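Colleague:
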Amino acid sequence: MIRTTDPFRDFDRITQQLLGTTNRPAFMPMDAWREGDTFVVEFDLPGVAKDSIDLDIERNVLTVRAERVARNGDWEMLASERPRGAFSRQLVLGDNLDLERIEATYEDGVLGLRIPVAERAKPRKIEIGGARSGDAASIEA
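Reminder that position 90 of the sequence shown reads as 90 in UniProt numbering, one-by-one numbering, no gaps.
(1) Can you look up aspartate 54 in the DSSP assignment and give me helix, strand or coil?
(2) One question on the structure: do methionine 30 and arginine 89 come within less than 9 angstroms of each other, judged by their Cβ atoms?
(3) DSSP three-state call for leucine 45: helix, strand or coil?
(4) Report back the beta-carbon spacing between proline 116 and aspartate 37 to the nearest angstrom; my notes put them in contact at under 8 angstroms.
(5) I'd like to check one pair, aspartate 74 with threonine 63: are the Cβ atoms closer than 9 angstroms?
(6) At the level of alpha carbons, what is the spacing between valine 92 and alanine 121?
(7) So is alanine 131 buried or exposed if we call it buried at 16+ other beta carbons inside 10 Å?
(8) According to DSSP, is proline 25 helix, strand or coil?
(9) Can you tell me where the beta strand (DSSP E) with serine 88 in it begins and where it stops?
(10) Mind reading off the beta-carbon distance from arginine 65 to aspartate 54? Whole number of angstroms is fine, and I expect it under 8 angstroms.
(11) Give me the Cα-Cα distance between valine 40 and leucine 97, rounded to the nearest whole angstrom.
(12) Here's a check: name, in chain order, each residue in its chain whose Cβ is nearer than 6 angstroms to the Cβ of leucine 99, leaving out the five neighbours to either side.
(13) Measure the alpha-carbon distance for phenylalanine 27 versus phenylalanine 87 and round it to whole angstroms.
(14) For proline 25, collect the residues of the same chain with a Cβ closer than 6 angstroms to its Cβ; drop the 5 residues on either side in sequence, then sort them by chain order.
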């Protein structure tokens, strides 16, 4: 497969991810991993007030929204490198997760989500009945 790249398009994409636009909020970095029967997701949101964070789930789509407001005052800005404004990220979660039991924490600028695996998705034994003698055996599913 041959892929051509446009360095200006790539630069625009990176700039929009970092700074955001009026149509698309700034990028929100995250890490995700699995710990046993729980998926853990962490979003970096330094300088964001806890009450400005909004979590929504519709069907299997988790939406995280947050806002870092600009400081106002009678002073002159010397450097402005940290993005301000709205941040948003959507994750499509699989059917094997229990969306009713998501736990969320916010500490030291990190939003943490713990999403347990649904009971129906965990391995279980299935009993097999014998056709003639009524003997039962089990297999792991």
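Ideal placement from N, C-alpha and C gives every residue a C-beta, glycine not left out. Owing to the predicted nature of the structure, the values given are computational and were not obtained by experimental measurement.
Modeller: Result, derived from the coordinates:
(1) Looking at aspartate 54 - three-state DSSP - the assignment turns out to be strand.
(2) In contact: methionine 30 and arginine 89 (Cβ atoms closer than 9 angstroms).
(3) Reduced to three states, the DSSP call for leucine 45 is coil.
(4) 6 angstroms between Cβ atoms; contact.
(5) No; because the gap between Cβ atoms is not below 9 angstroms, this pair is not in contact.
(6) C-alpha of valine 92 to C-alpha of alanine 121: approximately 17 angstroms in a straight line.
(7) Under the 10 Å beta carbon count, alanine 131 is surrounded by fewer than 16 other beta carbons and is classified as exposed.
(8) The pLDDT assigned to proline 25 is 49, lower than 50, so where the model puts this residue is not dependable; a value taken from the coordinates is nonetheless given after this. Coil at proline 25, not helix or strand.
(9) First-last of the beta strand (DSSP E) with serine 88: 85 to 92.
(10) With a Cβ gap of about 4 angstroms, arginine 65 and aspartate 54 count as contacting.
(11) Straight-line measurement puts the Cα of leucine 97 at about 11 angstroms from the Cα of valine 40.
(12) Cβ within range, chain order: Ile57.
(13) A straight line joining the alpha-carbon of phenylalanine 27 with that of phenylalanine 87 spans about 6 angstroms.
(14) At proline 25, the pLDDT of 49 sits below 50, so the modelled position is not reliable; the number obtained from the coordinates is stated separately. Apart from sequence neighbours up to five positions away, the residues of its chain that approach proline 25 with a beta-carbon distance below 6 angstroms are Ala86, Phe87, Ser88, ordered along the chain.
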